[in-house]
Amino acid sequence: MSTTTGKQIYANYNALWHLQTMGVLDSDQSPKGWTLPDPKQKKTRVAVIDTSVAVDHPCLKDAINRDLAIDLFSSPLGTFPYQGEDATIQIPDLNLLTDVTQALPEIQNIFVQLQDRLSDGSSARYKGIEPMTSAAFSNHATAIVGLVGARPVIEKVSPDYSQSGTDEVEFPLPYMGADPTCEIVPISTNFDDDPEMMIVAFLYAELINADVILLPRDIPDPQRTEPELNQETVDGIPLGDAVTQVYVTERQKLLWEELAQLIVNISQKRPIVCAAGNSQEEAAIYPANLASDHNGIISVGAVNAKGHRSGFSGLKNLTVMAPGNDSELFDRHEVRLDEQDFEYTETGVPPVNENEKYSHFDIISTDVPGKFGYSFSPFDADEPEDGLREFGSYFCRFGGTSAASALVAGFISLGVSTGAVASQAGGVMTKSWLLSKCEQLSDGDQTFAFPVWSGSASFPDS
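FYI, the numbering for the sequence shown is 85 to 546, going by the numbering used here.
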């Protein structure tokens with residue numbers, strides 16, 4: 085769709101441009117340098133720690149493992165939202181012999197409780213608590229999992245559900261994620277500063293033997309979210325402690341410390357892909373800032389459709405950068421303003437406006453169907469149980485390092501699914517494989533690694 089402004093008309097762009105830029109799809113949207121794996125083989129498992137997901141989205145319903153999906157928003161040890169109220173838990177092949185909790189005494193206690201919670205015959209609904217997985221809470225992760233593993237489908241559409249006898253037509257939804265053959269396990273959380281919830285989330289991903297763990301958000305650890313705050317002191321107290329608005333108990337401090345080590349430990353077993361943040365963070369947000377050459381944590385920044393650093397993304401302390409949307413810049417370091425914006429004015433703009441670096445391309449992904457999500461439906465009622473009322477709200481404009489991290493997680497998953505990298509190869513080896521698939525690109529005097537499956541990176545807006 086083109087948008088008319090006072091000056092120009094924005095160019096159209098392919099909704100899958102990000103996959104073509106990463107060499108996953110060819111110009112005709114066919115697989116580039118890979119073939120679909122044998123449908124009988126075990127699916128690559130991607131655990132996504134985020135909000136809940138609109139699991140009935142047509143492009144997602146075959147990608148989501150509903151039996152393993154767990155909700156930690158509603159209860160500390162998890163409720164299984166897509167199993168019946170009277171259902172009991174049966175999870176085969178739990179990784180009960182994992183050693184990731186060694187020397188972490190508080191987490192070991194939580195691990196024992198979680199093992200008991202997941203034992204065969206336990207109630208799927210923890211103490212009868214209803215899950216908090218409403219579509220109203222599900223927009224972010226719905227977009228995330230679409231970028232990881234959405235499937236193209238054909239759905240039934242009725243032009244007008246309010247009129248009886250309206251003929252249904254088949255409508256293609258040819259959208260796909262980076263690995264359209266993987267299975268996704270949503271681990272839904274809230275954004276409370278609760279270390280136990282995130283501990284359970286990572287332990288659960290470890291227990292179910294996820295091939296890839298994706299965290300497209302930060303964790304609000306009071307000591308690590310803004311590590312630079314603790315480089316200065318006030319009356320001998322670290323500045324981060326002096327300005328905190330919430331009292332942190334000694335046990336919580338210990339849990340936060342152990343959680344950081346747990347994430348590193350798990351990353352030795354399986355890659356953990358993390359968004360690096362959307363405020364040009366110097367060292368990336370936590371836990372992306374834990375990434376090092378010695379662990380399997382992958383910190384992901386974003387580039388726009390012209391191959392430049394996205395306006396919101398940092399460049400330092402990143403493992404890789406992947407496609408995202410863009411934002412304008414107006415600071416002492418760079419002025420990058422969109423001259424096509426209808427509100428743009430030259431008043432106050434310095435002579436050097438590097439608007440040629442700005443891209444209006446967004447990342448397109450799946451959205452909560454109907455009245456919730458990023459793209460709203462014109463209808464107030466819930467979506468019909470069978471078929472679509474309309475399809476405009478099923479997709480959205482998305483971006484940030486969240487989108488970039490999701491694409492990297494899907495890229496790694498595709499590597500596992502096609503046998504390019506071994507399942508359970510370990511986080512460090514998988515990170516090494518990812519880097520071997522990267523091109524070194526530059527933005528000014530900065531260089532960065534950009535994953536490309538086949539061919540060379542080709543940015544559509546350049």
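Even glycine gets a Cβ: it sits at the ideal position worked out from N, Cα and C. Only a predicted model underlies this, so the values are computations on that prediction, with no experimental measurement involved.
Within 10 angstroms of the Cβ of residue i, are there 16 or more other Cβ atoms? Answer buried if so, exposed if not.
i	result
Thr135	buried
Val253	exposed
Pro371	buried
Ser86	Because Ser86 carries a pLDDT of 41, less than 50, the predicted location of this residue cannot be relied on, and the following value inherits that uncertainty. So Ser86 counts as exposed.
Pro168	Sequence inspection shows Gly at residue 168; the Pro mentioned does not correspond to that position. It is exposed - the Cβ of Gly168 has fewer than 16 other Cβ atoms within 10 Å.
Phe414	exposed
Ile292	buried
His102	buried
Ala465	exposed
Ile381	buried
Thr88	Reliability fails at Thr88, whose pLDDT of 43 lies under 50, so the model's placement of it is uncertain and the value that follows must be treated cautiously. By the 10 Å Cβ count, Thr88 comes out exposed.
His417	exposed
His378	exposed
Phe221	buried
Ser363	exposed
Arg335	exposed
Phe275	exposed
Gly90	Low confidence applies here, because Gly90 scores a pLDDT of 45, under 50, leaving its location unreliable; read the following figure in that light. The residue in question, Gly90, is exposed, as its Cβ has fewer than 16 Cβ neighbours within 10 Å.
Leu120	exposed
Gly385	buried
Asp112	exposed
Lys240	exposed
Pro514	Checking the sequence, you will find Thr at residue 514 rather than Pro. By the neighbour-count rule (16 or more Cβ atoms within 10 Å), Thr514 is buried.
Ile238	exposed
Pro165	buried
Asp529	exposed
Asp155	buried
Thr531	exposed
Leu519	exposed
Ile93	exposed
Asp548	Outside the modelled stretch of the chain, which goes from 85 to 546, sits residue 548, for which no answer is possible.
Kindly indicate the opening and closing residues of the alpha helix (DSSP H) around residue i.
i	result
Ser203	Counting along the chain, Ser203 falls outside any alpha helix (DSSP H), and DSSP gives it neither H nor E.
Ile369	Note, Ile369: premise wrong, no alpha helix (DSSP H); not H, not E.
Phe479	Not the alpha helix (DSSP H): Phe479 falls in the beta strand (DSSP E), residues 479–482.
Gln524	No alpha helix (DSSP H) contains Gln524, which is instead part of the beta strand (DSSP E) from 522–527.
His224	223–233
Ser421	This sequence places Leu at residue 421; Ser is not what is there. No alpha helix (DSSP H) contains Leu421, which DSSP labels as neither H nor E.
Trp101	101–105
Determine the extent of the beta strand (DSSP E) in which residue i is found, giving its start and end residues.
i	result
Thr450	447–450
Lys240	237–241
Phe532	530–535
Phe255	253–257
Glu267	267–272
Ile283	Run containing Ile283: none in the beta strand (DSSP E); it sits in the alpha helix (DSSP H), 279–291.
Leu299	296–299
Would you mind giving the Cβ-Cβ distance between residue i and residue j, rounded to the nearest angstrom? I have them listed as a contact below 8 Å.
i	j	result
Gly408	Ala488	5 Å
Gly398	Gly361	7 Å
Pro236	Tyr259	6 Å
Glu267	Asn388	Incorrect: roughly 31 Å between the Cβ atoms, too far for contact.
Ala138	Gly494	Wrong, their Cβ atoms sit about 18 Å apart, outside the cutoff.
Ile133	Thr273	6 Å
Gly395	Glu412	6 Å
Glu469	Gly454	Glu469 to Gly454, Cβ: 12 Å. No contact.
Pro306	Val332	6 Å
Ala131	Ala359	That pair is no contact at about 15 Å.
Val436	Val419	6 Å
Does the ligand MN have a heavy atom nearer than 8 Å to the CB of residue i?
i	result
Ser272	For the structure depicted, the ligand MN is absent and the ligand set is empty, with no information on it obtainable.
### Message
If contact is defined by three or more beta carbon pairs under 8 Å, each pair taking one atom from either stretch, is the region 119–130 in contact with the region 172–191?
### Response
No, the region 172–191 does not touch the region 119–130.
### Query
Which residue spans inside the region 331–407 form an unbroken alpha helix (DSSP H) run of at least 4?
Listed in chain order, they are 334–353.
### Query
Is there contact here, the region 437–449 with the region 219–235, by at least three beta-carbon pairs under 8 Å?
The answer is yes - the region 219–235 touches the region 437–449, with three or more Cβ pairs under 8 Å.
### Query
Hey, is the region 173–192 in contact with the region 130–148, meaning 3+ C-beta pairs nearer than 8 Å?
No: the two stretches stay apart, fewer than three of their Cβ pairs being nearer than 8 Å.
### Task
Pair every Cβ in the region 181–193 with every Cβ in the region 96–107, then say whether three or more of these pairs are closer than 8 Å.
Result no; under three Cβ-Cβ pairs closer than 8 Å.
### Task
Give a yes or no on contact between the region 198–213 and the region 428–442, applying the rule of three or more CB pairs nearer than 8 Å.
Under the Cβ criterion (8 Å, minimum of three pairs), the region 198–213 does not count as touching the region 428–442.
### Message
With three or more beta-carbon pairs closer than 8 Å as the criterion, would you say the region 504–521 touches the region 300–309?
### Response
Flag = no, the region 504–521 and the region 300–309 do not touch.
### Segments of 4+ residues assigned as alpha helix (DSSP H) that fall wholly inside the region 120–205
Within the region 120–205, the complete alpha helix (DSSP H) segments of 4 residues or longer fall at 189–201, listed in chain order.
### Task
Check whether the region 152–163 touches the region 202–220, taking contact to mean three or more Cβ pairs, one atom from each stretch, closer than 8 Å.
Output reads yes: the region 202–220 touches the region 152–163.
### Query
Residue ranges of each alpha helix (DSSP H) run of no fewer than 4 residues wholly in the region 459–513, ordered along the chain?
484–501, all fully within the region 459–513.
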